[in-house]
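S.K.: Take this structure first; my questions come after.
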Amino acid sequence: MSTQALDAKTTVSKFRLSGGASGIVIALIVLIVALGVASPRFLSVGNLTDITRQAVFVAIIAFGATLVIAMRGIDLSVGSTLAFTGLIAADLMNRGFNPFVSVAASLAVGTLIGIVNGVLVAKVRIADFIVTMAMMVITRGLIMVYTEGIPLTGLSNPSFQAFGQGFVGFVPMPVLVTILTFAAVYFLLYQTRFGRYTLSIGSNPEAARLVGIRIDRVKIAVYALTGFLAALSGVLLTSRLEAAMPEAGEGYELDVIAAVVMGGTSLAGGKASLLGTAAGAVLMAVVRNGLNILNVNTFWHQVVIGAIILLAVCADKFGGRSRDT
Amino acid sequence: MDQSELALKITGVGKRFGATNALSSISMNLAKGEVLGLVGENGAGKSTLMKILSGAHVRDEGEIEVDGVRVEIREPADAQRVGIGIIYQELSLFPDLDAVENIFIGREMSIGKSPNITAPLRKRAMRECARRILNDVLSVEIDLDCPVGALTLAQRQIVEIARTLNSNAKILIMDEPTEALEKAERERLVRIINDLKQAGKSVIYVSHKLDEVLRICDRVVVMRDGACVADLPASTLDVNKMIGLMIGGSLAKQFPTKTSPGADPILKVEGLSRRGAFDNVNFELHEGEILGVAGLEGSGKSRLLRALFGDGASDSGRILLKGRSISIGSISGAMNNGIAFLPAERKTEGIFAEHSVGWNLTASSLSKFGGVRLDRRAERIQCINHIRKMGIKSEGPQQPIGKLSGGNQQKVLLARWLLTEPDVLLLEEPTRGIDIKAKADVYQLIASSAQTGKGIIVVSSDNTELLGLCHRILVMFEGEAVGMLDSASASEETIASLSIQRT
Amino acid sequence: MKRSFCNSLAAGLLAAVVLPGVAFAADYGAVFPGILMDKVIPPTGKEAKPQVKTNRPLKVGFLPTAMDTYYQRVLAGVKEEIDRAGGPSTIQLLVQAPKSQSATDDQVRTMEAWINERVDAIAVALYNEGALEPLIRRATEAGIPVFLFNSPVADDPYYVSDIGYDQSDGGRAQAQWIVDNYKDKGEVKIAVLEGLPGPHTAQRMKGFNEVLSKYPNLKIVAKQPAGWVRAQGLTVTENMLTAHPDVDILVALYDEMALGGLQALKARKLNGKIAIVGYENMKEANDAIKVGDFAATVDTGAKEEGRNIIRAVEQFVMKGEGVPKKIFVAPKTYDAKNIGTFDPADYIYVAKNTK
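Chains as they are written, first to last, in my numbering: chain W, 47 to 371; chain V, 126 to 628; chain X, 278 to 632.
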């Protein structure tokens, strides 16, 4: 084969690597163009800022869930963890703790929840679905025990408020946090041994074991990362709302899985597209934004959202067919 | 040959996949009660032809006649209807169902004249029928109530044959049926094939094991590059002639010349035992030595090998590496001690199918490439080097490993472990399921690794391979090391008799 | 089992003959302060009959649709009224709440347990039309009177009394506040945050529209669901403001959503400029009115509802007197003008310290 042909091959494969999310990106562009035509206000800077700001809570968790799913795992506990950790941050601040200490404690608790998930999955070998579902119910229950259903409010500390509501230049703080998170997880996934190991476990667990990967440790680390990110999202949401809501994050686990799968990460594991996940999370926010802007009848919302999820996954299948064969 | 005695007649069958001609104008006959051997390198078109006969592919041109009647085979159900049954290389049984359920899957007997899917099953009748096929036709005893997943590989294969017979197949296609079988089980299969032949069934026997093909088959068809290159009675052929026809020339030499090993023992195993697996095993492995381990399935040879790699602990005994006593508690521990292991099951234990050649190649030595951040440039250079050094046919490190042939995949996996620069290389069935040329390459790679001073242990169920490749051969029987043979003086017969000694 | 069924059947038949005459005779105003007699409907005759139970403490089950700020307030009223009636030695309160708003199956389990335990009365909040009807019938047939509270669709014939307020009155009150303050201000644009689709949303919107539709200058330009929760109140408000930046009034069918909307307005420095009209008079909403972030909210008398539950139990189960089929009070609107008149003690349970 000539060098030219080799180069061409390399280019193609590089394109594919970054284009792993081609389907969802196409779906997203089509949707944005369509909404831009339908409503002139949709494409305003203000609205686009709103959309990104609305997408971050699901997106941050979905970055972690991308690793979990690429590892052939599942984490249903993220929504409850978000609410639980948000509550911890709020409660500590209400008790007079410094906001940074409170946030750090909250992130630590989120990580701990992840570690417990990971240990039960990897060491005790209980099915991930069961472990994380139980964790989801337990943490939500603890929230109710503590709050009796009443939100925690009065979070008036300005530096805490800035976390979820502030701007750095023209970029909203939560969006900045999300971009940094994306970069960090991207680095972990594609540039480190940890990422390789995660994908190896998802691709072929037995082979991964036989090349000397400590599967249990990697699994625990991935769940811990996801717990940490759920807590980060919880802190952002609490700051944004200036309140810790007992029902916060309900249904997030499914939004998160939808974002990851729409983004082209297979539930069968082994491959992950973090860019696709980000696009998936944005797509969900765009759909909801579009429904509100176009004032679509209440009763149709669920139908439209479900249909868009299906279409996005189909677009990814179609766009990704050449990759699979 | 009388036309009326033909079970199957294929005329001018062709098949293309995109630009490649997988099959071009194949014609062949199969008489009733005949066993036809079909041999060829991987990619020669054997599988494509068998898939056309079994309905997995549809031919582009040509005609197929069964019992003198022209048939259209467009899907597996068509093949079953005209009486063609296939027994796959990868067993296609339902492991959680028992033998009876498997034999009747899709053709269950139900109560009622035209039973629908909810009709109650005639379990006793099915059981009786299954028992008759297994005991009377195939003359084997199999526990009918046991989930087939718990049966041995050979028993599962027999269940699969029974399933095919139950579908009233007149023509049985067997694709590499003995690949994973031990000698005694192979003998039983040979007997079953003879019985089927007596009963007037026709068999197409696809295999890489050329000596076996010669022994079992009446006639042999050799395929190369999608065409039939020879159709001769088995009595006129020998193994070398067949290899010549398959590769379109003569194979210089299958096994490399042995060089004598060093004097220093690199690995010493003393009294190594694990209850229920192996008992009081002792041996020494020298620098540059290739040590073979022979034995039947269940003899403990694989568990011994895996125990040396930290996969499953041993209860007692010592392992000395370069004179130093080590304890191997985990796989990573074994790797840290410079031990590498190539598992037998390439697909389920070896490759990461979604990922590239490079990814697969470096999977067990990533710590060589940078600290926190992977140095992907260094990784790529290493991959390119190894691809060249190992003679791996690929488009480069970025090509998905799934697109490589089995032989090239195996070379990638071998390279994966050589990259860890091990002192001891443990190989489990290193040439299973790869074609003749690739086998010769792998043997050459193993031999040249030994020449660099590594100690190599090869577990294999192919005794010819062990004799040709190894310096010495350890024979295991029921968990015990029952003999250590010098391959220069040993023969397949001595290995076989030691392997089955007390039966 | 069979016998008790026959007994209750007989009791039901008896009640059908006797009760209708009784129901309208009494003056309920003395027992239930502020009761709206025009909301009272005639009994069906299938209800449990009044009884004089002498066992103490009387076991009373309290089963909301979920535990949240609103029901906590109802519960405060229940507890205070129990204290007034003699404390836990007189009425023992059993509280169970399902894990989420729509978990009717949780309510079914609790009801079954209470029926088997033979409690003396059950107070339950229904989420859906027809929800729990078989259980309410079973309880009634077992001689356990069932009282409903905060149930927008009390449509089965077995319950004794429906306690709370008319949801559409809540919507009317919101609309009336807008009419009173904006009817002369030319074209006024209104955006509405609805709850999840269901009877609460439907009835509140019905009352709201009824009043507003008479004033063509008061226009609803956007109406979107925000799932009763704050996080969605925030995002949906943001999105609606993108489509309609010139909105004058933001109406939310629940203060939680309104508080989310307030966050959205604050981020755009529009708080105080766009009038927020909430619903429920949650503590935070109340505070927001005081600082000018909220324009108004509607108090639906949660604590009074709780008191009325115990009053009804006292009347019906202890004294053996009939109670009206609907015990509804009027919602009250609070804005900057009258917020000072609201007693913050209404939010919490105030223990009775002197006997």
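In this text, a Cβ means the ideal position worked out from N, Cα and C, and glycines have one as well. All values derive from a computational prediction rather than experimental measurement.
Is there a Cβ of chain V sitting closer than 8 Å to that of W/Gly258, yes or no?
M.R.: yes
S.K.: Taking only beta-carbon positions, decide if V/Glu301 is within less than 8 Å of chain W.
M.R.: Between V/Glu301 and chain W, the shortest Cβ-Cβ separation is not below 8 Å.
S.K.: Just verifying my parser: in three-state terms, what is the DSSP assignment at X/Asp433?
M.R.: Coil.
S.K.: Which chain X residues are close to W/Phe345, counting only those with a beta carbon under 7 Å from its beta carbon?
M.R.: Pro474
S.K.: As a quick exercise: from V/Ile372, V/Val338, V/Ile329, pick the residue whose alpha carbon is nearest that of V/Gly351.
M.R.: V/Ile372
S.K.: If I follow the unbroken beta strand (DSSP E) through X/Ile604, where does it start and stop?
M.R.: 603–605
S.K.: Pop quiz: V/Glu414 and V/Pro386 are said to be a contact at Cβ under 8 Å. What is the actual Cβ separation, rounded to whole angstroms?
M.R.: 4 Å
S.K.: Can you name, in chain order, every residue of its own chain whose Cβ lies under 8 Å from the Cβ of W/Leu198, other than the five neighbours on each side?
M.R.: Leu133, Ala136, Asp137, Asn140, Ala289, Ala290
S.K.: Among all the DSSP beta bridges, which residues are the ones paired with X/Met344?
M.R.: The secondary-structure analysis by DSSP pairs X/Met344 with nothing; it has no beta-bridge partner.
S.K.: Across which residues does DSSP place X/Val423 in a beta bridge pair?
M.R.: X/Ile399
S.K.: Let me know the secondary structure DSSP gives V/Met234 once reduced to three states.
M.R.: coil
S.K.: Go to V/Arg195, then tell me how far its beta strand (DSSP E) extends in each direction, as first and last residue.
M.R.: 194–196
S.K.: In or out: V/Phe142 buried (at least 16 other Cβ within 10 Å) or exposed?
M.R.: exposed
S.K.: Report yes if the CB atom of V/Pro547 is closer than 8 Å to the CB atom of V/Ile464, and no otherwise.
M.R.: yes
S.K.: What do you reckon, are the CB atoms on X/Thr514 and X/Gly537 nearer than 8 Å?
M.R.: yes
S.K.: Pick from V/Gly531, V/Arg505, V/Arg513: whose alpha carbon is nearest that of V/Lys472?
M.R.: Comparing Cα-Cα distances from V/Lys472 to each of V/Gly531, V/Arg505, V/Arg513, the minimum goes to V/Gly531.
S.K.: Can you grab the Cα-Cα spacing for the pair X/Gln328 / X/Ile421, in whole Å?
M.R.: 10 Å
S.K.: Please determine, among X/Ala398, X/Asn393, X/Ala402, X/Glu394, the residue with the shortest C-alpha to C-alpha distance to X/Gln384.
M.R.: X/Ala402
S.K.: Going along the chain, which unbroken runs of the alpha helix (DSSP H) with 4 or more residues stay wholly within the region 254–310 of chain V?
M.R.: Listed in chain order, the complete alpha helix (DSSP H) runs (minimum 4 residues) inside the region 254–310 of chain V are 278–291.
S.K.: Given a cut-off of 8 Å, decide if V/Asn293 and V/Gly208 are closer than it, judged by their beta-carbon atoms.
M.R.: yes
S.K.: In the DSSP output, which residue or residues are listed as bridge partners for V/His411?
M.R.: Note: V/His411 sits in a beta bridge opposite V/Pro390.
S.K.: Is it the case that the region 613–631 of chain X contacts the region 426–440 of chain X, given that we only count it when at least three CB pairs across the two stretches are under 8 Å?
M.R.: no
S.K.: With distances taken Cα to Cα, identify the nearest neighbour of V/Val338 among V/Gln323, V/Ile625, V/Asn365, V/Val138.
M.R.: Selected option, being the one with the closest Cα: V/Asn365.
S.K.: Which partner residues of V/Ser398 appear in the DSSP bridge assignment?
M.R.: V/Ser441
S.K.: How about V/Gly137 and V/Ser150: do their beta carbons lie closer than 8 Å?
M.R.: yes
S.K.: When the Cα of V/Leu499 is compared with those of W/Ala84, W/Arg118, W/Tyr236, W/Ser148, which residue comes out closest?
M.R.: W/Tyr236
S.K.: May I have the straight-line CA-CA distance separating W/Gly215 from X/Pro608, to the nearest angstrom?
M.R.: If I take the Cα positions, the gap works out to 46 Å.
S.K.: If you draw a straight line from the C-alpha of V/Leu433 to the C-alpha of V/Ser612, how long is it?
M.R.: 23 Å
S.K.: Along chain V, which residues have their Cβ under 9 Å away from the Cβ of W/Lys317?
M.R.: Glu479, His480
S.K.: Verify the CB distance criterion: does V/Glu504 have a CB-CB separation below 8 Å to chain W?
M.R.: no
S.K.: Buried or exposed: where does X/Ser490 fall if 16 or more other Cβ atoms within 10 Å of its Cβ makes it buried?
M.R.: So X/Ser490 counts as exposed.
S.K.: Would you verify that the beta carbon of X/Met517 is, or is not, closer than 8 Å to some beta carbon of chain W?
M.R.: yes
S.K.: By a C-beta neighbour count over all protein chains shown, 10 Å radius and 16 as the cutoff for buried, is W/Gln100 buried or exposed?
M.R.: buried
S.K.: To the nearest angstrom, report how far apart X/Lys614 and X/Gly569 are at their CA atoms.
M.R.: 11 Å
S.K.: Leaving out the 5 sequence neighbours to the left and right, which residues in its chain are closer than 7 Å to V/Arg247 when beta-carbon positions are compared?
M.R.: Met234, Ser235, Ile236.
S.K.: DSSP three-state call for X/Pro476: helix, strand or coil?
M.R.: helix
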